[in-house]
Structures are given as C-alpha cells and as structure tokens.
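Numbering (this note's numbering), first residue to last: 1 to 181. Data block below; observations after.
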C-alpha cells in the first residue's frame with residue numbers, strides 16, 4: 001500500500017509563554033509533508049516536513065510581523081524550516097517515537113516527537129485514512145532565535161517552545177510499475 005499525507009488535513013502549531021503567564025499559540029498555514037509511509041511497519045517509514053516560515057499566524061498581525069523579522073525567524077533570510085525523520089520506533093499499540101533533524105534558521109538539531117495514532121477511517125468518498133498527532137519541545141535559543149527582551153524582570157517570550165502537529169495519511173491506489181515506451 002502507498003500512503004500520502006493529506007495537505008488539507010495537516011497542521012503544525014506552536015506555543016510559548018508570554019511573561020511567564022499566558023500561553024500564546026500560533027500555527028503555520030503553509031506546510032508541505034512528504035514521505036514513504038508504511039503503517040504496518042512504521043520503522044520502515046520516513047517523513048519530511050517543509051514549513052514556509054512567513055506563513056506564521058498568531059491572531060495578531062503586529063506579533064506575526066515581529067516573528068517574521070530579524071528578532072525571531074528572519075524569514076527573508078531563512079524562508080523555510082524542515083524536519084526529516086531519522087528513526088521511527090513503535091513504543092506502544094498506537095504510540096511511536098519519531099526522531100529527526102529539525103532545521104530552523106539554518107541550524108539543524110535532533111528532536112524527538114511523541115506520536116500517537118488517532119484512528120482509522122475508510123470511506124469510498126474520502127478514502128482510507130489514518131490520523132496521527134505528535135508533540136515535542138525545543139529551546140528557541142538552540143536554533144539561533146535569541147532575542148530576549150525582559151520586562152520587569154520577566155522574559156517576554158519563553159525559551160521553551162512546544163510544537164504540536166496533526167495529520168492524516170490517505171491510502172493511494174496501487175499503480176502498475178510496468179513502464180511502456
């Protein structure tokens with residue numbers, strides 16, 4: 001079976017603390033997942049995600065523009081972030097550990113996502129689908145995002161950033177591998 005990500009049902013979100021209190025959440029609206037997926041033997045799978053960093057949205061245009069600036073993501077210089085899996089291990093009936101190389105602002109660091117299989121759906125109109133959800137945490141300073149304003153003794157933006165993702169895989173019809181010329 002061949003499986004592909006459904007780009008319309010894939011999302012990457014993040015959250016950070018503001019002044020150590022409120023959680024600010026955002027997402028990226030332009031995410032391109034790809035890979036070779038084997039739901040029956042996950043260790044044989046590989047995944048790559050490319051994120052257009054300028055597509056960042058936090059429900060506040062001024063904050064979004066600040067995130068795009070040289071203070072944080074520098075999207076003019078680093079338009080994309082990528083994550084490429086290096087190992088996938090099944091850790092439970094529906095749980096997996098996905099290790100990969102995350103590149104943000106030209107800096108590549110290993111990360112591990114805890115992934116959960118959310119379920120399976122088979123419908124003639126929507127196709128055979130499997131949903132997944134994953135989470136990890138990174139330190140933004142590890143990726144060169146070191147702008148660190150302090151107000152009244154508190155960091156405006158936390159160093160720890162939580163990343164969450166969800167996505168659906170859709171089974172693709174088998175194609176005849178014979179080539180005609």
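For each residue, glycine too, the CB sits at the ideal point set by N, CA and C. This structure is a prediction, so every number in the text was calculated from the model and none was measured.
Nearest-angstrom Cα separation, counted from residue j out to residue i
i           : j           : result
residue 62  : residue 73  : 14 Å
residue 143 : residue 124 : 44 Å
residue 128 : residue 55  : 29 Å
residue 32  : residue 20  : 32 Å
residue 9   : residue 158 : 29 Å
residue 52  : residue 122 : 31 Å
residue 185 : residue 43  : An answer regarding residue 185 cannot be provided, because it is not within the stretch 1 to 181 covered by the chain.
residue 66  : residue 78  : 15 Å
residue 75  : residue 15  : 19 Å
residue 111 : residue 174 : 33 Å
residue 59  : residue 27  : 9 Å
Test item: CB-CB of residue i and residue j under 8 Å
i           : j           : result
residue 99  : residue 91  : no
residue 101 : residue 116 : no
residue 137 : residue 166 : no
residue 6   : residue 170 : yes
Boundaries of the beta strand (DSSP E) in which residue i is found, first to last residue
i           : result
residue 68  : Looking at the DSSP string, residue 68 is not in any beta strand (DSSP E); the run it does join, the alpha helix (DSSP H), is 61–68.
residue 164 : 160–172
residue 148 : Counting along the chain, residue 148 falls outside any beta strand (DSSP E), and DSSP gives it neither H nor E.
residue 11  : 2–18
residue 34  : 31–36
Option in the options with minimal Cα separation from residue i
i           : options            : result
residue 163 : 64, 68 and 17      : 17
residue 4   : 160, 27 and 130    : 130
residue 96  : 41, 51, 141 and 76 : 41
residue 38  : 89, 7 and 53       : 89
residue 114 : 174, 134 and 103   : 134
residue 12  : 147, 36, 22 and 48 : 48
Supposed contact pair residue j and residue i - C-beta distance, whole angstroms, cut 8 Å
i          : j          : result
residue 80 : residue 57 : Not quite, the Cβ-Cβ distance comes to about 16 Å (not below 8 Å), so this is no contact.
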